[in-house]
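Novice: One structure follows; several queries about it will come next.
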Amino acid sequence: MKKLKPTERLSLNQITTEQWNLKEAVEGCAKANIPYISLWRHKIEEIGLKESSRLVRDVGLGVSSVCRGGMFPVDSDAAKERNFEDNLRAIEEAYELNADVLVLVCGAAVNKNIGDARKMIREGIERLVPYAKDAGVKLGIEPLHPMFAAERCAIVTLDEANTIAEQYDANNVGVIVDVYHVWWDPNLYKQIKRATGRILGYHVSDWLVPTPDMVKGRGMMGDGVIELMKIRQAVEEAGYMGPIEVEIFNEEIWKQDGHKVLAQMKERYAEYV
Numbered sequence: 112m113k114k115l116k117p118t119e120r121l122s123l124n125q126i127t128t129e130q131w132n133l134k135e136a137v138e139g140c141a142k143a144n145i146p147y148i149s150l151w152r153h154k155i156e157e158i159g160l161k162e163s164s165r166l167v168r169d170v171g172l173g174v175s176s177v178c179r180g181g182m183f184p185v186d187s188d189a190a191k192e193r194n195f196e197d198n199l200r201a202i203e204e205a206y207e208l209n210a211d212v213l214v215l216v217c218g219a220a221v222n223k224n225i226g227d228a229r230k231m232i233r234e235g236i237e238r239l240v241p242y243a244k245d246a247g248v249k250l251g252i253e254p255l256h257p258m259f260a261a262e263r264c265a266i267v268t269l270d271e272a273n274t275i276a277e278q279y280d281a282n283n284v285g286v287i288v289d290v291y292h293v294w295w296d297p298n299l300y301k302q303i304k305r306a307t308g309r310i311l312g313y314h315v316s317d318w319l320v321p322t323p324d325m326v327k328g329r330g331m332m333g334d335g336v337i338e339l340m341k342i343r344q345a346v347e348e349a350g351y352m353g354p355i356e357v358e359i360f361n362e363e364i365w366k367q368d369g370h371k372v373l374a375q376m377k378e379r380y381a382e383y384v
């Protein structure tokens with residue numbers, strides 16, 4: 112009989128159970144003996160930061176990350192200042208929740224100029240770093256799949272993310288390796304090695320064939336084509352031994368009972384990750 116991996120590093124990325132509010136997700140993790148949770152800011156906002164922090168603390172969960180900051184490219188100075196203030200709030204939320212990492216989804220091209228977008232991303236991170244450093248919160252730059260460049264993130268390769276992160280101390284800025292976004296990259300393993308000591312998060316799901324939806328088409332681990340074990344091994348060889356988040360956007364999964372989703376998530380994590 113195949114020996115399954117232990118799950119002491121498993122984290123529920125809250126978007127996997129989008130059908131649950133924060134209280135339900137926290138209680139679900141506690142019941143399922145899942146030790147970590149990654150919180151989304153729209154879920155925190157529903158009940159407030161202090162209540163969110165209390166709920167997590169009361170059941171003894173670790174917060175692997177807060178999602179998300181970023182979205183730096185904008186089309187006006189006023190929007191830039193609003194974005195900056197929102198990112199400061201995101202840092203405050205991560206600090207209050209005792210999360211080491213704020214995940215940055217950097218933002219997409221504005222006015223069809225992807226070069227300007229990347230410049231604004233670099234400038235936005237530069238401005239944010241001192242505040243995150245003071246709070247003891249690390250900024251995790253997450254490259255997204257190229258299909259999201261026009262809507263969500265102009266940083267589309269781990270190479271790009273590494274290049275930005277390397278401008279800063281590894282204790283302040285690093286990268287997020289999300290298999291859904293990077294599995295296709297022919298330079299993936301070279302870039303994971305390059306990120307040694309700078310990986311702040313590892314997110315898993317699977318790439319379904321055919322892909323049912325660009326955004327909400329991720330699969331449960333084992334249902335798709337991603338070489339999950341191989342990527343995990345590379346990430347660990349690069350020094351990352353932190354929580355492993357299961358992050359799945361999928362409306363069919365959101366329609367299911369959350370407790371059943373967590374049970375399947377644990378089984379698939381143990382077998383395929």
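With the numbering used here applied, the sequence shown closes on residue 384, and no number is skipped along the way.
We treat Cβ as the ideally placed atom computed from N, Cα and C, and that holds for glycine.
Remember, it's a predicted structure, so these values are computed and weren't measured experimentally.
(1) Taking 8 Å as the cut-off, decide whether the C-beta atoms of tyrosine 383 and arginine 329 are in contact.
(2) Report the residue from Gly247, Asp169, Ala219 and Gln344 whose alpha carbon sits nearest the alpha carbon of alanine 71.
(3) Given that a residue counts as buried once 16 or more other Cβ atoms are within 10 Å of its Cβ, and exposed if not, what is valine 326?
(4) Please list, in chain order, all residues of the same chain as alanine 143 whose beta carbon is under 6 Å from its beta carbon, the five residues on each side excluded.
(5) For leucine 299, tell me which candidate among Val284, Ala281, Ile275 and Ile342 has the shortest Cα-Cα distance.
(6) Please list the terminal residues of the continuous alpha helix (DSSP H) segment that includes asparagine 209.
(7) Take lysine 161 as the anchor and find which of Phe183, Ala141, Lys134 and Glu277 has the nearest alpha-carbon.
(8) At what residues does the beta strand (DSSP E) containing lysine 249 begin and finish?
(9) Under a Cβ-count criterion, where at least 16 other Cβ atoms within 10 Å of its own Cβ denotes burial, should tryptophan 295 be classed as buried or exposed?
(10) Note down the Cα distance separating proline 117 from glutamate 271, rounded to an integer number of angstroms.
(11) Thinking just about the alpha-carbon of each residue, which of Ile303, Ser316 and Gln367 is nearest to the one in glutamate 347?
(12) What did DSSP end up calling tryptophan 365 once you bin it into helix, strand or coil?
(13) So, for tryptophan 318: in the same chain, excluding its five sequence neighbours on each side, which residues have a beta-carbon less than 6 Å away from its beta-carbon?
(14) Starting from cysteine 217 and walking both ways along the beta strand (DSSP E), at which residues does that stretch end?
(15) What does the alpha-carbon distance come out to for the pair glutamate 234 and cysteine 217?
(16) Would you say the segment 226-242 touches the segment 145-158, given that touching needs at least three Cβ pairs under 8 Å?
(17) Judging by CA-CA distance, which residue of Leu150, Met340 and Glu196 is the nearest neighbour of leucine 172?
(18) Classify glutamine 344: buried if its beta carbon has 16 or more other beta carbons within 10 angstroms, exposed otherwise.
(19) Can you tell me whether serine 122 is helix, strand or coil according to DSSP?
(20) Could you tell me which residues DSSP pairs with aspartate 317 in its beta bridges?
(21) Of the residues Gly139, Thr127, Leu215 and Pro321, which one's Cα is nearest the Cα of proline 254?
(22) Less than 8 Å separating the beta-carbons of asparagine 124 and glutamate 157?
(23) How many Å lie between lysine 113 and alanine 381 at the Cα?
(24) What residue range is occupied by the uninterrupted alpha helix (DSSP H) comprising glutamate 237?
(25) Can you look up valine 267 in the DSSP assignment and give me helix, strand or coil?
(26) Near alanine 349, which residues of its chain fall below 7 Å by C-beta distance, leaving aside the five closest residues on each side in sequence?
Specialist: From the atom records:
(1) The count along the sequence shown starts at 1 and reaches residue 383 at position 272. The count along the sequence shown starts at 1 and reaches residue 329 at position 218. It is not a contact, given that the beta carbons lie outside the stated cut-off.
(2) There is simply no residue 71 to check, as the chain begins at 112 and stops at 384 in what is shown.
(3) What you label residue 326 is simply residue 215 of the sequence shown in a count that begins at 1. By the neighbour-count rule (16 or more Cβ atoms within 10 Å), valine 326 is not buried but exposed.
(4) Taking the sequence shown and counting its residues from 1, the one referred to as residue 143 is at position 32. Counting only Cβ-Cβ distances below 6 Å, and skipping sequence neighbours, we find Leu373.
(5) Indexing the sequence shown from 1 puts residue 299 at position 188. For leucine 299, the closest of Val284, Ala281, Ile275 and Ile342 by C-alpha to C-alpha distance is Ile342.
(6) The count along the sequence shown starts at 1 and reaches residue 209 at position 98. Looking at the DSSP string, asparagine 209 is not in any alpha helix (DSSP H), and its letter there is neither H nor E.
(7) Indexing the sequence shown from 1 puts residue 161 at position 50. For lysine 161, the nearest C-alpha among the options comes from Lys134.
(8) What you label residue 249 is simply residue 138 of the sequence shown in a count that begins at 1. Secondary structure note for lysine 249: its beta strand (DSSP E) is the uninterrupted segment 249-252.
(9) In the sequence shown, residue 295 corresponds to position 184, counting from 1. Exposed, by the Cβ-count rule.
(10) What you label residue 117 is simply residue 6 of the sequence shown in a count that begins at 1. What you label residue 271 is simply residue 160 of the sequence shown in a count that begins at 1. Computed Cα separation, rounded: 33 Å.
(11) By 1-based counting over the sequence shown, the position of residue 347 is 236. It is Ile303 whose Cα lies nearest to the Cα of glutamate 347.
(12) For the purposes of this step, residue 365 is taken as the residue at position 254 of the sequence shown. Helix.
(13) One-based indexing of the sequence shown puts residue 318 at position 207. Gly335, Val336 and Ile337, listed in sequence order.
(14) Residue numbering aside, residue 217 sits at position 106 when the sequence shown is read from its first letter. Segment: none, cysteine 217 is in no beta strand (DSSP E) and carries neither H nor E.
(15) To locate residue 234, count along the sequence shown from 1; it is residue 123. To locate residue 217, count along the sequence shown from 1; it is residue 106. Each residue's Cα considered, the two are about 11 Å apart.
(16) Proximity of the segment 226-242 to the segment 145-158 falls short of the contact definition, fewer than three beta-carbon pairs being nearer than 8 Å.
(17) Taking the first residue of the sequence shown as 1, we reach residue 172 at position 61. Here the closest residue by C-alpha is Leu150.
(18) Residue 344 sits at position 233 when you count from the first residue of the sequence shown. With fewer than 16 other Cβ atoms within 10 Å, it is exposed.
(19) What you label residue 122 is simply residue 11 of the sequence shown in a count that begins at 1. DSSP, reduced to helix, strand and coil, places serine 122 within a strand of the structure shown.
(20) As a first step, residue 317 must be located in the sequence shown, where it is residue number 206. For aspartate 317, which the question treats as bridged, DSSP gives the partners Gly330.
(21) Here the question's residue 254 lines up with position 143 in the sequence shown. Ranking the options by Cα distance to proline 254, first place goes to Leu215.
(22) Here the question's residue 124 lines up with position 13 in the sequence shown. Here the question's residue 157 lines up with position 46 in the sequence shown. In this structure, glutamate 157 does not lie closer than 8 Å to asparagine 124 by Cβ.
(23) Stepping through the sequence shown from its first residue, residue 113 is reached at position 2. Stepping through the sequence shown from its first residue, residue 381 is reached at position 270. Bear in mind that the predicted position of lysine 113 carries a pLDDT of just 47, short of 50, making it too unreliable to give a figure here.
(24) Residue 237 sits at position 126 when you count from the first residue of the sequence shown. That run of the alpha helix (DSSP H) goes 225-246.
(25) For the purposes of this step, residue 267 is taken as residue 156 along the sequence shown, with counting starting at 1. Coil at valine 267, not helix or strand.
(26) Residue mapping note: residue 349 aligns to position 238 of the sequence shown, counting from 1. These residues qualify, in order along the chain: Ile303, Lys304, Ala306, Thr307 and Ile310.
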